[in-house]
Structure formats: structure tokens, C-alpha cells
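J.:
In the numbering used here, the protein residues as written are 18 to 73.
#1: Are the beta-carbon atoms belonging to residue 56 and residue 49 less than 7 Å from one another?
#2: Can you give me the start and stop residues for the alpha helix (DSSP H) that residue 54 sits inside?
#3: Measure the alpha-carbon distance for residue 65 versus residue 46 and round it to whole angstroms.
#4: Under 6 Å from any heavy atom of the ligand MN, does the C-beta of residue 53 make it?
#5: Compare the Cα-Cα distances from residue 38 to each of 54, 30, 29 and 28 and report the closest residue.
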């Protein structure tokens with residue numbers, strides 16, 4: 018009875034990363050790309066945290 022695994026479900030909408038395409042006029046803008054990557058990495062880190070919390 019000590020090895021009982023309780024299933025955790027994560028709503029699929031929680032796993033979506035809100036990514037908007039970069040506007041064509043900003044495609045060659047280094048700052049825009051850096052910001053885009055930083056925000057995407059932050060969102061991915063938040064999702065990893067949520068998944069890890071649900072696993073434990």
C-alpha cells in the first residue's frame with residue numbers, strides 16, 4: 018500500500034506556450050529576437066515548474 022501511485026492530470030491548456038509570430042518588419046531586429054527567446058524560455062520554465070509540482 019506504500020507504493021500507491023496517484024495519477025495527476027494536467028489540463029492541456031496549461032501546457033500551451035503563448036507564442037506570437039514576429040512581425041515581418043522586425044525579423045532582422047536582434048533585440049526583438051533576444052526578447053522573443055527570453056520570453057519563450059521563461060514560459061517554458063514556468064511550464065516545467067508546473068509539471069514538476071504535479072509529479073510530486
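For glycine and all other residues, C-beta sits at the position ideal for the given N, C-alpha and C.
T.: The short version:
#1: Your numbering for residue 56 matches position 39 in the chain shown. Your numbering for residue 49 matches position 32 in the chain shown. With contacts defined by Cβ atoms closer than 7 Å, residue 56 and residue 49 do not form a contacting pair.
#2: Stepping through the chain shown from its first residue, residue 54 is reached at position 37. Where residue 54 is concerned, the enclosing alpha helix (DSSP H) stretches over 47-72.
#3: In the chain shown, the residue the question calls residue 65 occupies position 48. In the chain shown, the residue the question calls residue 46 occupies position 29. Roughly 29 Å separates the two Cα atoms.
#4: With respect to small molecules bound, the structure shown includes none, and the ligand MN cannot be examined in it.
#5: Residue 38 sits at position 21 when you count from the first residue of the chain shown. Comparing C-alpha distances from residue 38 to each of 54, 30, 29 and 28 shows the shortest one belongs to 54.
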